[in-house]
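For the sequence shown, the positions run 417 to 676 when the numbering used here is used. Every residue, glycine too, gets a C-beta built ideally from N, C-alpha and C.
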Amino acid sequence: MHTIEEKGEAFKRFLTVLDTLREKCPWDAKQTNESLRPNTIEEVFELADALISDDVQNIKKELGDVLLHVGFYSKIASEKDEFDIADVCDSLTDKLIFRHPHIYGNVDASSPEEVSKNWEQIKLKEKDGNKSVLAGVPSSLPALIKANRIQEKARNVGFDWEEPSQVWEKVKEEISEVEQEIRNDNKKELEKEFGDLIFAVVNAARLYGVDPENALEKTNRKFIKRFNFLEAEAKKLGKSLKEMPLAEMDEIWNRAKTLE
């Protein structure tokens, strides 16, 4: 691995190249915050894909792409005399020091749980920080990730189940309410109850140390892999899935499971 000096030189080289491209490349020169934003979102999702696949080479590549965007936004801001990459680094470093008083101060926090609880309290005390516990949850987050973050933040101020096992009564209650609205044929209330059920299941996953977004994405990928196998086997038999009996599809599906 590289020394801190080598890392500094690599970062300096990156910034020098970025400055040159911004000055001399027609495409780079015309970019704005607005034009870069869609690409930034795409790059973050590509990084997320690489992380869930544990693809080391692509993780490195996608981290570089995300870093490019951090540098680019900072460069654009510096051209407007707003801030530059040094301000970004200093602001982040100051925040990390402030939020880790158990390392840089005299606060005692010897477990990850204690650190998390302190973190939320510290954020409320920061200048220009969050004015409420849930204020830091971005409204644009996908719903599943947002539900998990809301629950984590509530936990950090003590609003949580005393024991993980207690959550199952809530899950059962929400299942019962979904079933009741199905019997009532009430579509509007059914949507609400499904939302409550999903929220409760996310809570259960969190309490047992499972990230629901990662868990669901792995299940998505597993389903895609098995379904692709099913399609391929149907083609070998000269059949379309629409014409194939469900029992035959189930047999192939179970075969796909055994091959994993």
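Please state if the CB of L613 and the CB of V594 are separated by a distance shorter than 8 Å.
As a working note, residue 594 is residue 178 in the sequence shown. As a working note, residue 613 is residue 197 in the sequence shown. The answer is yes: Cβ separation under 8 Å.
If you scan the stretch 629-657 from start to end, which runs of the beta strand (DSSP E) of 3 or more residues do you find wholly inside it?
Runs of the beta strand (DSSP E) inside the stretch 629-657: none found.
If you run the structure through DSSP and keep just helix, strand and coil, what is R515?
Here the question's residue 515 lines up with position 99 in the sequence shown. If DSSP states are grouped into helix, strand and coil, R515 belongs with coil.
In whole angstroms, what is the alpha-carbon distance linking V618 and E530?
Along the sequence shown, read from residue 1 onward, the residue named residue 618 stands at position 202. Along the sequence shown, read from residue 1 onward, the residue named residue 530 stands at position 114. Near 22 Å, if we compare the C-alpha coordinates of E530 and V618.
Using the Cα positions of I492 and M417, report the straight-line distance between them to the nearest angstrom.
To locate residue 492, count along the sequence shown from 1; it is residue 76. To locate residue 417, count along the sequence shown from 1; it is residue 1. Whole-angstrom Cα-Cα distance: 32 Å.
Which complete alpha helix (DSSP H) runs does the stretch 526-611 hold, if anything under 4 residues is left out?
528-541, 559-571, 583-600
Whether or not the stretch 501-509 and the stretch 467-481 are in contact is what I'm after, with contact meaning three or more pairs of Cβ atoms, one per stretch, closer than 8 Å; do they touch?
no
Could you tell me the alpha carbon to alpha carbon distance between L550 and H518, rounded to whole angstroms?
Against the sequence shown, residue 550 aligns to sequence position 134. Against the sequence shown, residue 518 aligns to sequence position 102. Taken atom to atom, the span from the alpha-carbon of L550 to that of H518 is near 23 Å.
Quick check: the Cα distance between Y624 and E647, rounded to an integer number of angstroms?
Here residue 624 refers to the residue found at position 208 of the sequence shown. Here residue 647 refers to the residue found at position 231 of the sequence shown. For Y624 and E647, the distance between alpha carbons rounds to 35 Å.
Between R565, E597, S527, E579, which has its C-alpha nearest G552's C-alpha?
Looking up residue 552 in the sequence shown gives position 136. Checking every option, the nearest Cα to that of G552 belongs to R565.
Please give me, in chain order, every unbroken run of the alpha helix (DSSP H) with length at least 4 that falls completely inside the stretch 436-471.
442-446, 449-469
With contact counted as at least three CB pairs below 8 Å, one residue from each stretch, are the stretch 521-537 and the stretch 578-585 in contact?
Counting Cβ pairs under 8 Å, fewer than three are found: no touch.
If you follow the alpha helix (DSSP H) that L677 is in, where does it begin and where does it stop?
Past the edges of the chain, shown from 417 to 676, lies residue 677, and the structure says nothing about it.
Go through its chain and collect everything with a Cβ distance to P580's Cβ below 8 Å, but skip five positions before and after it.
Counting from one through the sequence shown, the residue named residue 580 turns up at place 164. Within the same chain, Cβ atoms closer than 8 Å to the Cβ of P580 are found at A620, L623, Y624, the five residues on either side in sequence being excluded.
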